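According to numbering that gives the first Met the number 0, the sequence shown is numbered sequentially starting from 0.
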Amino acid sequence: MGFEKVIVVDGRGHLIGRLASVIAKQLLNGQRVVVVRCELLNVSGSFYRNKLKYFAFLRKRMNSNPSHGPYHFRAPSKILWRTIRGMIPHKTQRGMEALNRLKVFEGIPAPYDKTKRMVIPSALRVLRLKPGRRYASVGRISREVGWKYGDVVEKLEAKRKEKSAAYFQAKKKLNA
Numbered sequence: 000m001g002f003e004k005v006i007v008v009d010g011r012g013h014l015i016g017r018l019a020s021v022i023a024k025q026l027l028n029g030q031r032v033v034v035v036r037c038e039l040l041n042v043s044g045s046f047y048r049n050k051l052k053y054f055a056f057l058r059k060r061m062n063s064n065p066s067h068g069p070y071h072f073r074a075p076s077k078i079l080w081r082t083i084r085g086m087i088p089h090k091t092q093r094g095m096e097a098l099n100r101l102k103v104f105e106g107i108p109a110p111y112d113k114t115k116r117m118v119i120p121s122a123l124r125v126l127r128l129k130p131g132r133r134y135a136s137v138g139r140i141s142r143e144v145g146w147k148y149g150d151v152v153e154k155l156e157a158k159r160k161e162k163s164a165a166y167f168q169a170k171k172k173l174n175a
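Now the structure itself:
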């Protein structure tokens, strides 16, 4: 990826770890990155196995005072954010600045719905996972472990897609 003002990445169909590593490197190089549609990210391995792994993660907490951490984010965007944070030296000034250059969203919110969205071929599930291998959606895992806003995001996405389709039809009519 070349250096641009902001790179908007569409998370749909990407493997979370591979996507996170590419984004982490870009952030450390000074690139601003926005990731949209985090609920459609994928994880290799069956849904059940990934759900068990997340429940094992939920059991890890501070014995004397659980509010001291570790914090278990349920939202897909925060899960991606934490994955990227693990690949960045986030306790140093350089790492903090890199993390501040990252934005993550479920769905595609207002300013980014009209911008060009990139994909990262080295992180795409269809290119990296052998056909027939199992995979799970981060959005589905999140719903199972307590994320409450899946329906809201779906409704907003349906509305956005309707608007986008109408715009595309008008554009097609104009060019014809």
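C-beta: ideal position from N, C-alpha, C; glycine also.
Since the structure is predicted, the reported quantities are computational estimates derived from the model, not experimental observations.
Following the DSSP letters along the chain, one finds residue 6 inside the beta strand (DSSP E) bounded by residues 5-9. Put simply, of 37, 38, 52 the residue whose alpha carbon is nearest the alpha carbon of residue 44 is 52. For residue 101, the enclosing beta strand (DSSP E) covers residues 101-103. Between residue 39 and residue 15, the gap from beta carbon to beta carbon reaches 7 Å or more.
The three-state secondary structure of residue 117, taken from DSSP, is strand.
Classified as buried, residue 34 has 16 or more neighbouring CB atoms from the shown chains inside 10 Å of its CB.
Here residue 26 is near residue 97, since their CB atoms are less than 7 Å apart. Between the beta-carbon of residue 73 and that of residue 144 there is about 6 Å, and that keeps the pair under the 8 Å contact cut.
Between residue 105 and residue 76, the C-beta spacing is below 7 Å. Residue 111 counts as buried, since no fewer than 16 other beta carbons sit within 10 angstroms of its beta carbon. The criterion of a C-beta distance shorter than 7 Å is not satisfied by residue 5 and residue 36. Taking C-beta atoms as the reference points, residue 114 and residue 42 fail to come closer than 7 Å. Looking at the backbone, the Cα of residue 126 and that of residue 11 are separated by about 13 Å.
Beyond the five residues adjoining it in sequence on each side, residue 119 comes within less than 7 Å, by CB distance, of 8, 13, 18, 21 in the same chain, given in chain order. DSSP places residue 133 outside both helix and strand once states are collapsed to three, so it counts as coil. Under the 10 Å beta carbon count, residue 141 is surrounded by 16 or more other beta carbons and is classified as buried.
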